[in-house]
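Trainee: Structure below; questions to follow.
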Amino acid sequence: MNKPTLLLIDDEERILRSLRMLFFTGYNVHMTTDPHEAIRILRDEKVHVIVSDQRMPIMQGSELLRIARETSPSTMRILLTGYSDIKASIASVNEGEVFRYLLKPWNAEEVKQTVAQAAAIAEASFALQQSHVEIVASAPEKKPRVLIMDDDESTAQAVQEVLHDRCEIIWASNAQHAMEELAKQDISVVISDLMLGDTNVSYILKTIKQINPQTQCIVVTSFDDTSRLIDLINQAQIARYLSKPIHKSMLARDLEYLLKRFYALSNLPALQKSQSVAPINDPQEKLLSLNFMGLLNRLRNVTP
Amino acid sequence: MRRGHNTGNDIASLVIPLEPIAPEVTLEEVANMFLYPDNANVLSLPVVDNGRPVGVISRYRFLDIYLKPYGRELHGKRPISAYMSNAPLLVAHDQPLAEAAQHVAEHMRFPLTEDFIITEHGIYVGVGFVVDLLKAIEVQMRANSDELNQAYSRLKSSQLALVQSEKMASLGQMVAGIAHEINTPLGYVQNNVAMGQELFAQVQAMIAGYEALVDGLLNPQADEAQITTLMQQVATMRADINAHAMLGEMQGLMTDSLYGIGQISELVLNLKNFSRMDAAMTDTVNLNDCIESALNIGRNVLKSKVELIKELGELPKITCAPSQLNQVFLNLFTNAAQAMETSGRLLIKTWHVDGMVYASVADTGLGIQPENLSRIFDPFFTTKPVGEGTGLGLAISQQIIQQHGGEIRVESSVGAGTCFYIRLPARSAAGAPRDGTTLQTPPTVLRTA
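Residue numbers (my numbering), protein chains in the order written: chain Z, 1 to 304; chain P, 305 to 753.
Encoded structure:
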């Protein structure tokens, strides 16, 4: 097998040199401080993984990754940044759809592993492209299920208005109810606030994504916490992060897009690896996740 | 009845339930009433008909009539209604004190000859002394002023808290920017060291291989097969690790690392210079140094989109609190960067004329709407979205400049940009700004032996 190609972009050349050394063996490394040059490389070459800084003079990393997504959808996108402001983090989800959001200074081993994982996923995805398998995004006969996890009724109303009866809509206003619904049946899209009453439900999203990679998660929330959002990107691969109050037109567009992605992922399990998540690192969330996993196994085993 | 009646905070508490007189009572009888010891303090007697006050007869008026020659003989048997004043001072028992006082003051005659009559739904309940009313008013005023004082001190402390929160907000912005500035060099330095360590282990293993081979070659007892194995091991290692290339690369990374550490040290030094917590409040410094210091700290907000032009003239040193002036300039630079949405030019000039030091900070940003221009130094005035600005940055800047005996003003035209001018006296006569938040000078840095 040929070495996977890695594209590094940062406005600090020393970062690039340092990273090149990290991937000295095993990769074909391109590096540039110029995002336009990066776009050119993406167009001309098969790039497996792109690792970009966020804050750059000419273009923000999230913007570059959005262009990368359109230019070369199979290329896995990673953001490596020393500055975690909430706007950039939200853009990296909604526009860049990043695979991982990594922070500087980084752990060499962790970055190596993440890039290796991303490269393998991209390789599979390129192979799929070459085998001309048609990615069918057609709706299945069964109605998709949308689960709303929010104690705020206006969210449920907004979703209802947007979807009408296209989907089966389930509304859970507490964590227990939400977990039971998720355990009972497969859900296409989860629309969730981060807090249900006093419960931080991040662990539910992280767990469900571990089990059902095709399930798409939209977080709708009125509070912004960058570090929590970064965890949700890496450990739950949330598809969208929307601020409350919800813009219905935006929600409608996102739901349309994510339902299609859900169909595509369901029809082609090989693609599901692109949605793989990093392990939960918070010890308490880990415990909660294990309990939820137990509930899932019990309920799924008894139902035929 | 005696004066010194218990005065509370309403009219009802002022009531003296004086027995009124009927309109048909004669002057002779009234004379007797005025002589009652209980009535010694009253100025007047109320005249009440069917419970309703109809008039008042004052001691003054009464004596006027009675002391005239034959007054008693002429008028003694006639009813009081013929002599009383028909317009007594009336106050309702539930009237607010201030309102009652105003009414009394407006209708009172001088010299004071009457008490006022207190009614409940028009029915006579007693009289009140004007002096008591004034006393009650005074008590109330004092309570009000206490309340006012409390409100004032609450306001003052909340303003202090707000000034503090503005400091924290700009600090938060600054910290986020500095985190980026530090994390970038920290990122590659840490990575380089980690890789250096790995390479070091590989090179060590390789040297061990070479040494084993050399030992084998020097050892007369070693046989051909042993030497061959050792040679093969070394050859494999050589093929696996491109030591020359790796070491060459690593050399470059070491240079980068030293550079990065230098960058971090510089940032830390800048931060220290900026806050000057370890220096006295007042200092003689060159204003250009304050500007450079603020530019160093604000670099991350400026560098990505702003073309910076400095025209810094030769300046005499000025007496000031450098950390405060740094804050002013950082605030101006941050505002300028925010006003220039995509890109722009920031022109910073300094010069001095006749004992005055001048600085101007001009941007090519959006400019300020004329209706906002007069308000930009007002506390809490902000055009930024909620949560992004406290509206105190420029208010505090102005306060700092004024405390230094200087002046800050602004010119702006929408679409073209904004320019702030600062004027400071080169020799501050006022000396150090005193604002109660003066930092104590910490003990001099301890030297390790």
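Even for Gly, the Cβ is constructed at its ideal location relative to N, Cα and C. These figures come from a predicted structure and were not determined experimentally.
Check whether the Cβ of Met-21/Z lies closer than 8 Å to any Cβ atom in chain P.
Mentor: True, the Cβ-Cβ gap to chain P drops below 8 Å.
Trainee: Identify which residue in Phe-126/Z, Gln-272/Z, Leu-251/Z has its Cα closest to the Cα of Leu-163/Z.
Mentor: Considering only alpha carbons, the answer is Leu-251/Z.
Trainee: Tell me whether Gly-520/P sits in a helix, a strand or coil according to DSSP, three-state version.
Mentor: In the structure shown, Gly-520/P sits in a helix (DSSP, three-state: H, G or I).
Trainee: Which of the residues in the segment 477-502 of chain P, read from start to end, lie with their CB under 7 Å from any CB of chain Z?
Mentor: Answer in chain order: Ala-480, Ala-483, His-484, Asn-487, Thr-488, Leu-490, Gly-491, Tyr-492, Gln-494, Asn-495, Asn-496, Ala-498, Met-499.
Trainee: Nearest to Leu-438/P by alpha carbon, out of Val-605/P, Ser-597/P, Leu-401/P?
Mentor: Comparing Cα positions, the closest option is Leu-401/P.
Trainee: Tell whether a beta-carbon distance below 8 Å holds between Pro-620/P and Val-657/P.
Mentor: Their beta carbons are not under 8 Å apart, which means Pro-620/P does not touch Val-657/P by this criterion.
Trainee: Return helix, strand or coil for Arg-731/P, following the three-state DSSP convention.
Mentor: DSSP places Arg-731/P in coil when its eight states are reduced to three.
Trainee: For Ala-666/P, report the span of its beta strand (DSSP E) as first-last.
Mentor: Element bounds for Ala-666/P: 660-667.
Trainee: In whole angstroms, what is the alpha-carbon distance linking Gly-552/P and Asp-10/Z?
Mentor: Distance between the alpha carbons of Gly-552/P and Asp-10/Z: 22 Å.
Trainee: Helix, strand or coil: which one does DSSP assign to Gln-506/P?
Mentor: Three-state DSSP puts Gln-506/P in a helix.
Trainee: For the 8 Å Cβ check, are there 3 or more pairs between the segment 448-459 of chain P and the segment 77-89 of chain Z?
Mentor: Taking 8 Å as the limit for Cβ pairs, the verdict is that the segment 77-89 of chain Z does not touch the segment 448-459 of chain P.
Trainee: Check distances from the C-beta atoms of the segment 652-682 of chain P to those of chain Z and list, in chain order, the residues that come in under 8 Å.
Mentor: Listed in sequence order: no entries.
Trainee: Interface residues of chain P around Glu-12/Z at Cβ under 7 Å?
Mentor: In chain order: Thr-488.
Trainee: Using a Cβ-Cβ cutoff of less than 7 Å, which residues in the same chain neighbour Ala-734/P once the five nearest sequence positions on both sides are dropped?
Mentor: Any answer about Ala-734/P is weak, because its pLDDT of 46 lies below 50 and its placement is not dependable; what the coordinates show is given next. Hits under 7 Å: Gly-709.
Trainee: How many angstroms separate the CA atom of Ile-680/P from the CA atom of Gly-648/P?
Mentor: Cα to Cα, the separation comes out at about 21 Å.
Trainee: Going along the chain, which residues of the segment 37-62 of chain Z sit with their C-beta nearer than 7 Å to a C-beta in chain P?
Mentor: Here the close residues are Arg-55, Pro-57.
Trainee: Looking at the unbroken beta strand (DSSP E) that takes in Thr-25/Z, where does it start and where does it end?
Mentor: That residue, Thr-25/Z, is in no beta strand (DSSP E); it is neither H nor E in DSSP.
Trainee: Distance, Cα to Cα, Ala-120/Z vs Thr-32/Z?
Mentor: If you take the alpha carbons of Ala-120/Z and Thr-32/Z, they lie about 23 Å apart.
Trainee: Just grab the DSSP bridge partners of Asp-587/P for me.
Mentor: Paired residue(s): Cys-624/P.
Trainee: Please name the residue in Ile-704/P, Ile-545/P, Val-718/P whose C-alpha comes closest to that of Ile-726/P.
Mentor: The shortest Cα separation from Ile-726/P among Ile-704/P, Ile-545/P, Val-718/P belongs to Ile-704/P.
Trainee: To be precise: take each residue of the segment 553-567 of chain P, compare its Cβ to all Cβ atoms of chain Z, and keep it if any distance is under 8 Å. Which residues remain?
Mentor: So the list reads Glu-553, Met-554, Gly-556, Leu-557, Asp-560, Tyr-563, Gly-564, given in the order they occur along the chain.
Trainee: Which residues of the segment 102-131 of chain Z have a Cβ closer than 7 Å to any Cβ of chain C? Give them in chain order.
Mentor: Considering every chain present, this structure includes no chain C. Its protein chains are Z and P.
Trainee: Within the segment 336-373 of chain P, note down every full beta strand (DSSP E) run reaching 3 residues or more, in order along the chain.
Mentor: If we require 3 residues or more, the beta strand (DSSP E) runs fully inside the segment 336-373 of chain P come out as 348-353, 356-362.
Trainee: Please check if any C-beta of chain P sits within less than 8 Å of the C-beta of Gly-82/Z.
Mentor: Gly-82/Z counts as touching chain P.
Trainee: Residues of chain P with a CB under 7 Å from the CB of Ile-9/Z: which are they?
Mentor: None at all; the shortest Cβ gap to chain P is about 14 Å.
Trainee: Since Pro-327/P and Ser-385/P should fall inside the 8 Å C-beta cutoff, what is the C-beta to C-beta distance between them, to a whole number of angstroms?
Mentor: The pair is a contact, with the Cβ atoms about 4 Å apart (cut-off 8 Å).
Trainee: For Val-408/P and Ser-701/P, what's the separation of their Cα atoms in angstroms?
Mentor: Approximately 52 Å, taken between the alpha carbons.
Trainee: Near Met-558/P, what residues of its chain come up, given a Cβ to Cβ distance below 8 Å and the 5 sequence neighbours on each side ignored?
Mentor: Asn-496, Gly-500.
Trainee: For the putative contact between Ile-204/Z and Ala-239/Z, defined by C-beta atoms under 8 Å, what is the C-beta separation to the nearest angstrom?
Mentor: Not confirmed; about 15 Å, so no contact.
Trainee: Reducing DSSP to helix, strand and coil, say where Gln-673/P ends up.
Mentor: In the structure shown, Gln-673/P sits in coil (DSSP, three-state: anything other than H, G, I, E or B).
Trainee: Quick one: Cα of Thr-654/P to Cα of Phe-685/P, how far?
Mentor: Their backbone Cα atoms lie some 28 Å apart in a straight line.
Trainee: Check whether chain P comes within 8 Å of Arg-17/Z, counting only Cβ atoms and requiring the distance to be less than that.
Mentor: So yes, Arg-17/Z belongs to the interface.
Trainee: Give me, in chain order, the residues of the same chain whose beta-carbon lies closer than 6 Å to that of Asp-150/Z; leave out the 5 immediate sequence neighbours on both sides.
Mentor: Correct list, in chain order: Asp-193.
Trainee: Please identify the residue among Ile-531/P, Asn-592/P, Val-718/P whose C-alpha is closest to the C-alpha of Lys-796/P.
Mentor: The displayed coordinates of chain P run from 305 to 753. Any statement about residue 796/P would go beyond what the structure contains.
Trainee: Taking all protein chains shown into account, do 16 or more other C-beta atoms lie within 10 angstroms of the C-beta of Pro-245/Z, making it buried, or fewer, making it exposed?
Mentor: Looking at its Cβ environment, which holds fewer than 16 other Cβ atoms inside 10 Å, Pro-245/Z is exposed.
Trainee: If you run the structure through DSSP and keep just helix, strand and coil, what is Met-412/P?
Mentor: Coil, per DSSP.
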